[in-house]
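Numbering (the working numbering), first residue to last: 143 to 304. Positions of the beta carbon are idealized from the N, C-alpha and C atoms, including for glycine. Computed from a prediction, not measured in an experiment: that's the story for all the values here.
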């Protein structure tokens with residue numbers, strides 16, 4: 143390999159103290175940025191987990207309060223898939239009510255930041271859309287168990303209690 147002694151032999155006036163591969167040099171310069179990116183990713187993952195747990199709690203509570211309604215619907219001929227689609231429709235409305243204003247505000251914030259940060263306003267729209275899709279997916283997955291429980295309401299028990 144090439145070392146500083148061999149180069150110094152050919153070009154004695156060149157002040158070379160150490161030869162470091164470019165990849166090593168770049169890793170050293172980007173260490174802080176990589177750590178901050180990992181930390182931000184960890185916080186984002188934790189936030190997504192908290193969103194899923196919170197949404198699951200909200201949907202479980204809402205479906206538990208409507209259990210007798212689901213039992214009556216099943217007694218009148220509704221199918222279990224119809225009950226599940228009711229729950230997922232409710233989830234979609236809640237998600238839309240939260241994500242639509244959030245997406246609009248995010249786009250406005252990106253546009254405002256574009257005046258201060260060169261090139262930031264042009265490429266962030268796909269990321270905002272992707273994050274909205276991830277949130278919708280998490281909300282849908284968090285609704286699976288409450289929707290399944292709601293569809294298992296027993297019409298006979300509901301009619302006896304009403």
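Rounded to the nearest whole angstrom, the CA to CA distance from residue 175 to residue 210 is 54 Å. Note on residue 277: 16 or more other CB atoms within 10 angstroms of its CB, so buried under the neighbour-count rule.
Counting the other Cβ atoms within 10 Å of the Cβ of residue 235 gives fewer than 16, which makes it exposed.
If the five residues before and after residue 205 are omitted, its C-beta is found closer than 8 Å to the C-beta atoms of 212, 229, 288, 289, 291 and 292, all from its own chain and listed in chain order. With fewer than 16 neighbouring CB atoms inside 10 Å of its own CB, residue 161 falls in the exposed class.
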